[in-house]
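Number of protein chains: 2
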Amino acid sequence: MPVGTVATVKGVPQDLLEELGVQILLGNTYHLYLRPGVETVRRMGGLHRFMSWERSILTDSGGFQVFSLNDLRKVSEEGVTFRSHLDGSSHFFSPESAMAAQIGLGADIIMAFDECTEFPADRERVRSSMELTLRWAARSKRYFEEHKSEVPWRTDANVGTAALGCPAERSSAVALSQDQTAATAELRSAGQPRAAVPTQALFGIVQGGMDRELRRESALRTVEIGFAGYAIGGLSVGEPREVTREIVASTLEHLPKDAPRYLMGVGTPEEIALYARMGVDMMDCVLPTRAARHGLLFTSEGKISIKQARFAEDDGSLDPACGCRVCRRYSRAYLRHLYASNELLAQVLNTIHNVSFYLDTMRAVRHSI
Amino acid sequence: MPVGTVATVKGVPQDLLEELGVQILLGNTYHLYLRPGVETVRRMGGLHRFMSWERSILTDSGGFQVFSLNDLRKVSEEGVTFRSHLDGSSHFFSPESAMAAQIGLGADIIMAFDECTEFPADRERVRSSMELTLRWAARSKRYFEEHKSEVPWRTDANVGTAALGCPAERSSAVALSQDQTAATAELRSAGQPRAAVPTQALFGIVQGGMDRELRRESALRTVEIGFAGYAIGGLSVGEPREVTREIVASTLEHLPKDAPRYLMGVGTPEEIALYARMGVDMMDCVLPTRAARHGLLFTSEGKISIKQARFAEDDGSLDPACGCRVCRRYSRAYLRHLYASNELLAQVLNTIHNVSFYLDTMRAVRHSI
């Protein structure tokens, strides 16, 4: 899932994302809650209609940003008090308010509110954090069950499809109808036939630090609460890669194979292929888009830094093995010039290529499955 | 002509410019000379191939930027010494070196090196500046006639077409072949059948400040030197709009109707329609692209500032009368959110719309002709 933090994959128009074959985007609840605000998005008909994106969207719970962007946060049983990174204003997220926000945004898949345990942490800290996440998971589910009918597109005239009749459909009906199948299939695998049951799919999040025993307990007790899908959180927080791999493997054993299994915040092209082989169904990462904006491009010949002088007069395409509109049309020399000149188009083209490269990687993974 | 200062219309991929119907772009010799450098562009086959733009390109002489971006410039009979706005390094442009740079860049239309007379200026200053521009015009033409065969695409395998076989053609052959006609026609009107005579078209520039008599003399003596087209320079430099209009009208009288007449650096949609009615064939302006990046959007209902809070929940399209991909797909509320959140996509979408609006204006003008 490419990351579209505030209802946009930075620099790339939605129709180009459709052309690239993006089936689902991730939106960040924390950022959308601050700007433009949940009520605005709700009144505009929900995220799909607001950003004119007819395909699937997943929103995170806001928990990770609260923990990663806030040094001054105060965690209590009730929830988390934090300060906006934009203006320093004080805000409060609880499992209930995080659910209310995600229901108001109206993504197809939403996440239970969790505490992302820091690394390193001693066993007692990891256990108490895991227990808090489990209590918050139960509260998240309870609130969701009581309020799931409040999604903006449910009360909308077009019951059943988030963005039916939104401009997107008019502007590229063919591309969308082709994709409907894929998107619907993806959601059905999450137990939510889109057309039939117009509610969101709530996923639970497994914590437990780097402790296989606690991960096992967290997985079993999260499954016991019962969710449409299960995420593995609290990884890629600074631990060695082999530890990540070991924890992912041992956690997957305890998650049902007939529900989507989502590894949060991962990773490089090699890693997503590896984790998919291990049984992970979904992943998200800012790497392809953020790296692109810093001139780091993924190619079939490895990662390259386009700012390097050696590309100044290289008239070859960025990645001869890539068929994206950037590699088909522009030379490395031109991309290097755009980046060296700090031109907007550098970030646009670099992002299109990196997202294309990631989606090609996932297509290859699906094909091999 | 949309402005593509350093070989890019800021934020807009070339294939979208083609889709919008852009037939010719303006590149700034001063900026391209500093970055990526003329020799790099020449070795890459010229501007068309370097930026993968198969349609027409015009480069200015660098004169205007030297005068507008350099307070420390030193003007002599020989030329102008100036400092780079990037690193303060010292450089020198003469009519000969400005021609050499433009021949190396290889645009379809290039401009004689002129002195843009400041405003206000007394009659003696305006006359001496005009005389200098006339001497530089003769030197520009002489150098061009002796070196015009040195264009990068002339010595290229694909004689006759600047970017034949460049990736652009492969990636969107249909759109391009449709446009060939228009582009070729435009060049033929400049006396340069593209396929038959693969050299550039050199335009002269009329100066003379706000003095009708000096403008008349400058026009007649520039025509006497003889160019493929004629530009009116030194306007939109702070004078009242009615003065601009009066000087344009009186200067046009003395320029041949069978050669392209190019008014440099204007203007608003109303102005370009007005000047076209007066007989101007070509115009360029940074207004549509620069304004877009500042959230100022041109619509059939007038100019709007998309940052305004009143658009925060406006789900109408930006301009109901506009058929561009932005107006077809996105709401004012979404565009306002992107701008308020300082998102890259705001600049991309705003620019696409403004360029589309300007091209629609020119299409209406052509239709009325």
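Residue numbers (my numbering), protein chains in the order written: chain A, 1 to 369; chain B, 370 to 738. For every residue, glycine included, the Cβ atom is placed at its ideal position computed from N, Cα and C. Note that the structure is predicted; figures quoted are calculated from it, not measured.
**Asked** Can we say the region 596-607 of chain B touches the region 567-583 of chain B, given the rule of at least three CB pairs closer than 8 Å?
**Response** yes
**Cutoff 6 Å; reference F144 of chain A; Cβ partners in own chain excluding five residues on either side** = For the purposes of this step, residue 144 of chain A is taken as residue 144 along the first sequence, with counting starting at 1. Within the same chain, F144 of chain A has close Cβ partners M99 and L202.
**Prompt:** For F50 of chain A, which residues in chain B fall below 8 Å Cβ to Cβ?
**Reply:** Along the first sequence, read from residue 1 onward, the residue named residue 50 of chain A stands at position 50. Going along chain B in sequence order, the residues near F50 of chain A (Cβ under 8 Å) are S700, A702, Y703 and H706.
**Request:** Identify the continuous beta strand (DSSP E) that holds S459 of chain B and give its terminal residues.
**Result:** Against the second sequence, residue 459 of chain B aligns to sequence position 90. Where S459 of chain B is concerned, the enclosing beta strand (DSSP E) stretches over S459 to F462.
**Prompt:** Along chain A, which residues have their Cβ under 7 Å away from the Cβ of Q716 of chain B?
**Reply:** Sequence index remark: in the second sequence, residue 716 of chain B carries index 347 (1-based). Ordered by position in chain A, the residues that pass the 7 Å Cβ test against Q716 of chain B are L344.
**Request:** Give the residues of chain A in contact with S710 of chain B, contact being defined as C-beta atoms less than 7 Å apart.
**Result:** Along the second sequence, one-based indexing puts residue 710 of chain B at 341. Result: V6 and R35.
**Prompt:** Do A481 of chain B and K510 of chain B have their C-beta atoms within less than 8 Å of each other?
**Reply:** Within the second sequence, the letter at position 112 stands for residue 481 of chain B. Within the second sequence, the letter at position 141 stands for residue 510 of chain B. In this structure, K510 of chain B lies closer than 8 Å to A481 of chain B by Cβ.
**Asked** Is any beta-carbon of chain A found at less than 8 Å from that of K676 of chain B?
**Response** Here residue 676 of chain B corresponds to residue number 307 of the second sequence, with the count starting at 1. Output row for K676 of chain B: interface = no.
**The beta strand (DSSP E) enclosing S222 of chain A, as first and last residue numbers** = Numbered from 1 along the first sequence, position 222 holds the residue referred to as residue 222 of chain A. Residue identity check: residue 222 of chain A is Thr in the sequence provided, not Ser. Careful: T222 of chain A lies outside any beta strand (DSSP E), inside the alpha helix (DSSP H) at R212 to I225.
**Item:** Given F227 of chain A as reference, the closest of A:P260, A:I103, A:M130 and A:S56 once Cα atoms are compared
**Value:** The residue you call residue 227 of chain A lines up with position 227 of the first sequence. It is A:P260 whose Cα lies nearest to the Cα of F227 of chain A.
**Message:** Restricting to Cα atoms, I'd like to know which of B:R646, B:G432, B:I673 and B:C691 is closest to I738 of chain B.
**Reply:** Sequence index remark: in the second sequence, residue 738 of chain B carries index 369 (1-based). If we check each option's Cα against that of I738 of chain B, B:R646 comes out closest.
**Asked** Any heavy atom of the ligand SAM closer than 7 Å to the CB of G79 of chain A?
**Response** Summarising the ligand content, the structure contains no ligands, and the ligand SAM is consequently not present.
**Prompt:** Which of helix, strand or coil does DSSP assign to Y727 of chain B?
**Reply:** If you number the second sequence from 1, residue 727 of chain B lands on position 358. The answer is helix: DSSP assigns Y727 of chain B an H, G or I state.
**Item:** Under 8 Å between C-beta atoms of G664 of chain B and Y708 of chain B
**Value:** In the second sequence, the residue the question calls residue 664 of chain B occupies position 295. In the second sequence, the residue the question calls residue 708 of chain B occupies position 339. Cβ atoms of G664 of chain B and Y708 of chain B: closer than 8 Å.
**Prompt:** If you draw a straight line from the C-alpha of V3 of chain A to the C-alpha of Y631 of chain B, how long is it?
**Reply:** In the first sequence, the residue the question calls residue 3 of chain A occupies position 3. In the second sequence, the residue the question calls residue 631 of chain B occupies position 262. Going by the C-alpha atoms only, they are around 46 Å apart.
**Coarse secondary structure for A183 of chain A, derived from DSSP in three states** = The count along the first sequence starts at 1 and reaches residue 183 of chain A at position 183. In this predicted model, A183 of chain A has a pLDDT of only 41, less than 50, meaning its place in the structure is not dependable enough to derive any value.
**Prompt:** Beta carbon of G279 of chain A, beta carbon of L252 of chain A: below 8 Å?
**Reply:** For this step, residue 279 of chain A is matched to residue 279 along the first sequence. For this step, residue 252 of chain A is matched to residue 252 along the first sequence. Cβ distance < 8 Å, so G279 of chain A and L252 of chain A count as in contact.
**Request:** Output the boundary residues of the alpha helix (DSSP H) element that contains F298 of chain A.
**Result:** Your numbering for residue 298 of chain A matches position 298 in the first sequence. Looking at the DSSP string, F298 of chain A is not in any alpha helix (DSSP H); the run it does join, the beta strand (DSSP E), is L296 to T299.
**Request:** Name the one or two DSSP bridge partners that M480 of chain B has.
**Result:** Counting from 1 along the second sequence, the entry for residue 480 of chain B is found at position 111. Answer is B:F572.
**Asked** Hey, L132 of chain A and S218 of chain A: beta-carbon distance below 8 Å or not?
**Response** Mapped onto the first sequence, residue 132 of chain A falls at position 132. Mapped onto the first sequence, residue 218 of chain A falls at position 218. Taking 8 Å as the Cβ cut-off, L132 of chain A and S218 of chain A do not qualify as a contacting pair.
**Request:** Check the DSSP bridge columns for T81 of chain A and list the partner residues they point to.
**Result:** Position 81 of the first sequence, counted from the first residue, corresponds to residue 81 of chain A. Answer by DSSP bridge pairing, in chain order: A:K74 and A:F92.
**Request:** Jot down the residue ranges of each uninterrupted beta strand (DSSP E) in the region 299-354 of chain A, minimum 3 residues, whole runs only, in chain order.
**Result:** 302-305
**Prompt:** If you run the structure through DSSP and keep just helix, strand and coil, what is T374 of chain B?
**Reply:** By 1-based counting over the second sequence, the position of residue 374 of chain B is 5. If DSSP states are grouped into helix, strand and coil, T374 of chain B belongs with coil.
**Request:** Say whether chain B places a C-beta atom closer than 8 Å to the C-beta of P13 of chain A.
**Result:** If you number the first sequence from 1, residue 13 of chain A lands on position 13. With 8 Å as the cut-off, P13 of chain A counts as an interface residue toward chain B.
**Asked** In the region 496-512 of chain B, which residues sit with their C-beta less than 7 Å from some C-beta in chain A, listed in chain order?
**Response** none
**Prompt:** Are any of the Cβ atoms in chain B nearer than 8 Å to that of T40 of chain A?
**Reply:** Taking the first residue of the first sequence as position 1, residue 40 of chain A is located at position 40. Output row for T40 of chain A: interface = yes.
**Endpoints, alpha helix (DSSP H) assigned at G396 of chain B** = Along the second sequence, read from residue 1 onward, the residue named residue 396 of chain B stands at position 27. G396 of chain B -> not in any alpha helix (DSSP H); beta strand (DSSP E) instead, spanning I393 to G396.
**Message:** For D729 of chain B, tell me which candidate among B:A642, B:L687 and B:M499 has the shortest Cα-Cα distance.
**Reply:** Walking along the second sequence from the start, residue 729 of chain B turns up at place 360. Nearest C-alpha to D729 of chain B: B:A642.
**Prompt:** Counting pairs of Cβ atoms below 8 Å between the region 699-716 of chain B and the region 8-26 of chain A, do you hit three or more?
**Reply:** yes
**Message:** Residues in the same chain with beta-carbon distance under 6 Å from S669 of chain B, minus the five sequence neighbours each way, listed in chain order, please.
**Reply:** For this step, residue 669 of chain B is matched to residue 300 along the second sequence. Around S669 of chain B: D688 and A690.
**Residues that DSSP places opposite L632 of chain B in a beta bridge** = The sequence position of residue 632 of chain B within the second sequence is 263, counting from 1. DSSP, once it has assigned bridges, lists B:I601 and B:M652 as partnering L632 of chain B.
**Asked** Mapping DSSP to helix, strand and coil, what is L134 of chain A?
**Response** Within the first sequence, numbered from 1, the residue matching residue 134 of chain A stands at position 134. L134 of chain A falls in the helix class under three-state DSSP.
**Prompt:** For S421 of chain B versus R329 of chain A, is the C-beta distance shorter than 8 Å?
**Reply:** One-based indexing of the second sequence puts residue 421 of chain B at position 52. One-based indexing of the first sequence puts residue 329 of chain A at position 329. Yes, Cβ-Cβ distance for S421 of chain B and R329 of chain A is below 8 Å.
**Prompt:** Should L26 of chain A and D284 of chain A be called a contact, given that it needs their Cβ atoms to be closer than 8 Å?
**Reply:** Here residue 26 of chain A corresponds to residue number 26 of the first sequence, with the count starting at 1. Here residue 284 of chain A corresponds to residue number 284 of the first sequence, with the count starting at 1. Result yes, Cβ atoms of L26 of chain A and D284 of chain A sit closer than 8 Å.
**Message:** Among the candidates A:T117, A:T244, A:M282 and A:I304, whose CA atom is the shortest distance from the CA of Q65 of chain A?
**Reply:** Taking the first sequence and counting its residues from 1, the one referred to as residue 65 of chain A is at position 65. Of the listed residues, the one whose Cα sits closest to Q65 of chain A is A:T117.
**Request:** Closer than 7 Å by C-beta to A681 of chain B: which residues in its own chain qualify, once you throw out the five before and the five after it? Chain order, please.
**Result:** By one-based count along the second sequence, residue 681 of chain B stands at place 312. Counting only Cβ-Cβ distances below 7 Å, and skipping sequence neighbours, we find A702 and R705.
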